[in-house]
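Novice:
In the working numbering, the protein residues as written are 3 to 159.
1) When you compare the CB positions of residue 122 and residue 82, do they come within less than 8 Å of one another, or not?
2) Quick one: give me the first and last residue of the alpha helix (DSSP H) that residue 95 is part of.
3) Between 37, 60 and 51, which has its C-alpha nearest residue 153's C-alpha?
4) Quick one: what does DSSP say residue 107 is sitting in, helix, strand or coil?
5) May I ask you to verify whether the region 108 to 122 touches the region 138 to 155, counting CB pairs closer than 8 Å and requiring at least 3?
6) Let me check understanding here. Comparing Cα to Cα, which of 34, 17 and 21 lies closest to residue 42?
7) Counting only the same chain and skipping the five closest in sequence on each side, list residues whose C-beta sits under 7 Å from that of residue 22.
8) Which residue wins for smallest C-alpha separation from residue 52, given the options 126, 46, 36 and 45?
9) Taking residue 36 as part of the beta strand (DSSP E), name the residues at either end of that continuous run.
10) Drop a sphere of 10 angstroms on the beta-carbon of residue 19, count the other beta-carbons inside from all chains shown, and report buried for 16 or more, exposed for fewer.
11) Do the region 78 to 92 and the region 105 to 112 touch if we need at least three Cβ pairs shorter than 8 Å?
12) DSSP on residue 125, reduced to helix/strand/coil?
13) Go ahead and pull the three-state DSSP assignment for residue 136.
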């Protein structure tokens with residue numbers, strides 16, 4: 003069983019871009035086993051490390067998208083199905099948050115879901131798995147404070 007899992011990890015890592023492979027090795031070295039890995043087989047050789055972030059007893063889907071571009075993206079889904087009637091008010095509120103925080107950017111997608119993105123620039127030579135991990139910690143700390151305020155705004159009459 004263990005051999006089969008190790009073989010699957012090796013097969014997946016053979017298809018990964020160099021930065022994603024480095025991040026996978028970082029996770030293994032630090033015994034972090036909370037991610038599902040998906041190789042996208044697109045032109046940027048994207049690899050998505052999927053997990054969830056627990057905030058106020060809610061499990062928020064999160065993915066780290068590592069590809070051959072200069073950017074590594076950490077995306078967290080905050081809320082699904084924002085009412086069209088409330089979008090203007092919510093956009094105004096999240097724009098205030100966006101102005102206050104340099105690294106965190108909230109937006110409403112075309113699917114009416116609210117997302118939080120953190121974009122980190124890395125070329126292969128400068129990719130830093132520790133920085134990605136640090137940003138995950140910062141996202142969790144930020145959301146402990148921001149999430150209740152955001153949800154209060156979304157659920158307000």
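Even glycine gets a Cβ: it sits at the ideal position worked out from N, Cα and C.
Specialist: Taking the structure as given:
1) Here the question's residue 122 lines up with position 120 in the chain shown. Here the question's residue 82 lines up with position 80 in the chain shown. Cβ distance not < 8 Å, so residue 122 and residue 82 don't count as in contact.
2) Position 93 of the chain shown, counting from 1, holds the residue named residue 95. Residues 89 to 102.
3) Along the chain shown, one-based indexing puts residue 153 at 151. The option with the nearest alpha carbon to residue 153 is 60.
4) On the chain shown, residue 107 is found 105 positions in, with the first residue counted as 1. Here residue 107 sits in strand by DSSP.
5) Under the 8 Å Cβ criterion, the region 108 to 122 counts as touching the region 138 to 155, having at least three qualifying pairs.
6) The sequence position of residue 42 within the chain shown is 40, counting from 1. The shortest CA-to-CA distance from residue 42 to any of 34, 17 and 21 is the one to 17.
7) By one-based count along the chain shown, residue 22 stands at place 20. Answer for residue 22: 49 and 68, listed in chain order.
8) Locating residue 52 in the chain shown gives position 50, counting from the first residue. That would be 36, whose Cα lies nearest to the Cα of residue 52.
9) Residue mapping note: residue 36 aligns to position 34 of the chain shown, counting from 1. Unbroken run through residue 36: none, as it is neither H nor E.
10) Walking along the chain shown from the start, residue 19 turns up at place 17. Burial is judged here by how many other beta carbons sit within 10 angstroms of a residue's own beta carbon; residue 19 has at least 16 and is buried.
11) Contact between the region 78 to 92 and the region 105 to 112 is present, because at least three Cβ pairs lie under 8 Å.
12) Locating residue 125 in the chain shown gives position 123, counting from the first residue. In this structure, residue 125 counts as coil in the three-state DSSP scheme.
13) One-based indexing of the chain shown puts residue 136 at position 134. Residue state, collapsed to three classes: helix.
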